[in-house]
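What follows is a set of notes on a single structure, which appears directly below.
And the structure:
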């Protein structure tokens, strides 16, 4: 495999610095800024290389609510479609807010939310286990469920027993992902949501932070050992407030971007990287052109850009 991407929903850059940097010494890492630190907008920016204002997915879960676009609208802009058009094999699993799946090979298994009555993977003959939604999402919820429908179910569990559930489910997903023609793919991309889910349920429990870090390290280590990628890229869609500072909304703009085995292009110059840089990093790694911001600007925006360039003397 050329490049392995591993996503973690809600992994804060401070957690990487405090608990993972020493355990994963081969990685470099930076703070990954998430201007809109919620799943639908942030993950879609990671996939498309566009800020929310341009890709238009504004709903928390990527649903067609209050004028929000959905993955069906923005799928052509996703980086994996550009790679696939240029002959790259792509294996995608459990990427949030990516239903319907893209027609890439060897496969694309959509992440939450899923439809109850439709195939959420491509190709249809793919051998997806019957309980895969549960393994990927602890307690899965579909489009018809409320976004926090999983929380009441999880709260019935003993917090300490959750360790066993997460460990078993994570290892099951890794085993399936690594064993289904994935090693031969140019790009493999798998996302885990347990860090965010556990923090929402027990936000001030110190054991959750330690356990999350342990599972993140295990996931990265196992996937690299099984797939043997030339390079690995790790990203998160947002960060998490410090313990003791919890409020009604606990997400922060401070996710993490970590890598090893690759040179990191400085797309962001003197500024910190944002979630909108990730797709461009992937495209650059494979030498594939990705649609730029300018190609998605309105005519009014383009007129403003042209006038600014003229005023700066770039053309008459």
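In this note's numbering, the protein residues as written are 410 to 725.
Where is the CB? At the ideal position from N, CA and C, for every residue including glycine.
Report back the beta-carbon spacing between residue i and residue j to the nearest angstrom; my notes put them in contact at under 8 Å.
{"i": "residue 414", "j": "residue 449", "result": "No, residue 414 and residue 449 are not in contact; Cβ-Cβ is about 19 Å, not under 8 Å."}
{"i": "residue 453", "j": "residue 464", "result": "5 Å"}
{"i": "residue 585", "j": "residue 538", "result": "7 Å"}
{"i": "residue 473", "j": "residue 479", "result": "5 Å"}
{"i": "residue 682", "j": "residue 439", "result": "6 Å"}
{"i": "residue 566", "j": "residue 522", "result": "Contact flag wrong, Cβ pair sits at about 21 Å."}
{"i": "residue 636", "j": "residue 587", "result": "6 Å"}
{"i": "residue 642", "j": "residue 503", "result": "Residue 642 to residue 503, Cβ: 16 Å. No contact."}
{"i": "residue 684", "j": "residue 451", "result": "5 Å"}
Bridge partners for residue i per DSSP, in chain order?
{"i": "residue 667", "result": "438, 643"}
{"i": "residue 502", "result": "518, 599"}
{"i": "residue 453", "result": "In the DSSP output, where bridge partners are listed per residue, residue 453 has none listed."}
Skipping 5 residues on each side, what residues in its chain have a beta carbon closer than 6 Å to that of residue i?
{"i": "residue 714", "result": "Reliability of the predicted coordinates at residue 714 is poor, the pLDDT of 47 falling under 50, and the value obtained from them is presented with this limitation in mind. None."}
{"i": "residue 606", "result": "547"}
{"i": "residue 640", "result": "412, 670, 671"}
{"i": "residue 645", "result": "417, 420, 664, 665"}
{"i": "residue 591", "result": "500, 597"}
{"i": "residue 577", "result": "none"}
{"i": "residue 660", "result": "446, 647"}
Might you give, ordered along the chain, the residues of its own chain that have their beta carbon closer than 7 Å to the beta carbon of residue i, omitting 5 neighbours on each side?
{"i": "residue 429", "result": "622, 625, 626"}
{"i": "residue 498", "result": "514, 515, 593, 594, 595"}
{"i": "residue 572", "result": "620"}
{"i": "residue 617", "result": "607, 608, 611"}
{"i": "residue 425", "result": "438, 665, 667"}
Quick check on DSSP: helix, strand or coil for residue i?
{"i": "residue 514", "result": "coil"}
{"i": "residue 689", "result": "helix"}
{"i": "residue 507", "result": "coil"}
{"i": "residue 422", "result": "helix"}
{"i": "residue 417", "result": "strand"}
{"i": "residue 427", "result": "helix"}
{"i": "residue 661", "result": "strand"}
{"i": "residue 480", "result": "helix"}
{"i": "residue 495", "result": "coil"}
{"i": "residue 465", "result": "coil"}
{"i": "residue 650", "result": "coil"}
{"i": "residue 632", "result": "helix"}
{"i": "residue 412", "result": "strand"}
{"i": "residue 489", "result": "helix"}
{"i": "residue 703", "result": "Below a pLDDT of 50, predicted positions are generally treated as unreliable, and residue 703, at 47, falls in that range; no measurement from the model is reported."}
{"i": "residue 530", "result": "strand"}
Near residue i, which residues of its chain fall below 8 Å by C-beta distance, leaving aside the five closest residues on each side in sequence?
{"i": "residue 692", "result": "458, 488, 491, 492, 698, 699"}
{"i": "residue 530", "result": "510, 516, 517, 518, 519, 537"}
{"i": "residue 619", "result": "428"}
{"i": "residue 676", "result": "682, 686, 689, 690, 693"}
{"i": "residue 583", "result": "599, 628, 631, 632, 635"}
*Contiguous alpha helix (DSSP H) assignments of at least 4 residues, all confined to the stretch 563 to 627*: 568 to 588, 603 to 610
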